[in-house]
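Here the structure is laid out as structure tokens; the discussion comes afterwards.
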Amino acid sequence: MSKGIVAKRYAVALFQLAKEKNIIDQIENELLVVKQVFTANKELIDVLNHPKVTNETKKSIVKESFASLTQQVVNTLYILIDRHRSDIVTDVVNYFVQHANEARGTEDATVYSVRPLTDVELTSISTSFAKKIGKTSLRLQNVVDKNLIGGVKLRIGNRIYDGSISSKLERIERQLVANRL
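Right, here's the structure in full:
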């Protein structure tokens, strides 16, 4: 069975548990912290995947590292350790976030701009593009990219909406080159 399918099953189980207890947002925030720790610390993943380190030691590392998290998240990490699946933690988090977004009718997106956008600008972008993709809102992360010259570029999943000046200049350049030949 592929890692994606397995990760999805764990995420669905955790999502159902969070939904029953009405703590989806809290679990999601905690899982995002776990993902950040796992992606920033390759050594942690190496220790959790090492066959000579006992499961009890691995669990005590997790318990100490994530003591402030809810028992549901910690228990999920324990189960992943017991089943030698600690390598799919980030996939479980991604699938959980996907389910949480579907339940809320939101979508994660990244907006690239030349300068940091204000809350009003982000809200405006969120409401106008959410309607285009059939969602109630977008959860935007603003990334400053000086190469855009001006305008914004929005990435929602695998779709890109590019209203930047640099892309318009590139299109004009391609047209000029094509007409010259």
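Just so you know, we're using the working numbering here: the sequence shown kicks off at -5 and counts up by one. Think of the CB as a built atom: it goes at the ideal place given N, C-alpha and C, for glycine as much as any other residue.
Contacts around residue i, its chain only, beta-carbon distance under 6 Å, and the 5 residues preceding and following it disregarded
i, result
"L111", "N136"
"K194", "There is no way to answer for residue 194, as the model of the chain reaches only from -5 to 175."
"R98", "none"
Anticipated Cβ contact below 8 Å, residue i with residue j, distance rounded
i, j, result
"G144", "S158", "7 Å"
"A103", "L134", "5 Å"
Of the residues the options, the one placed nearest residue i, counting alpha carbons only
i, options, result
"L63", "D156, E164, N23", "N23"
"D85", "E96, N69, D156, A5", "A5"
"L186", "V87, E14, L38", "Since the first residue shown for the chain is -5 and the last is 175, residue 186 is missing from the structure and cannot be characterised."
"S118", "H93, A94, L148", "L148"
Rounded straight-line distance, which links the Cα of residue j to that of residue i
i, j, result
"S107", "D76", "44 Å"
"D40", "T33", "12 Å"
"V27", "S59", "11 Å"
"A231", "I166", "This structure cannot settle anything about residue 231, because the visible part of the chain is limited to -5 through 175."
"S80", "T100", "28 Å"
"V83", "Q169", "46 Å"
"L(-1)", "E50", "Note on identity: in this sequence residue -1 is Ile, with Leu being the wrong assignment. Looking at the two C-alpha atoms, the distance is approximately 27 Å."
"K162", "L142", "10 Å"
"V68", "E96", "24 Å"
"H44", "D156", "44 Å"
"R153", "E115", "20 Å"
"N16", "L8", "12 Å"
Contacting residues, own chain, Cβ-Cβ under 8 Å from residue i (five flanking each side not counted)
i, result
"V47", "V41"
Proximity test, Cβ basis, 8 Å: residue i and chain C
i, result
"D19", "No chain C appears in this structure, which consists of one protein chain only."
Cutoff 7 Å; reference residue i; Cβ partners in own chain excluding five residues on either side
i, result
"K53", "Y72, I75"
Proximity test, residue i beta-carbon vs the ligand PLP heavy atom, cut-off 7 Å
i, result
"L111", "In terms of ligand content, the structure shown is empty, and the ligand PLP therefore cannot be addressed."
Which runs of the alpha helix (DSSP H) fall wholly inside the region 38 to 64 and span at least 4 residues, in chain order?
49 to 59
In the region -1 to 29, which residue ranges form an unbroken alpha helix (DSSP H) of at least 4 residues, counting only runs that do not cross its ends?
none
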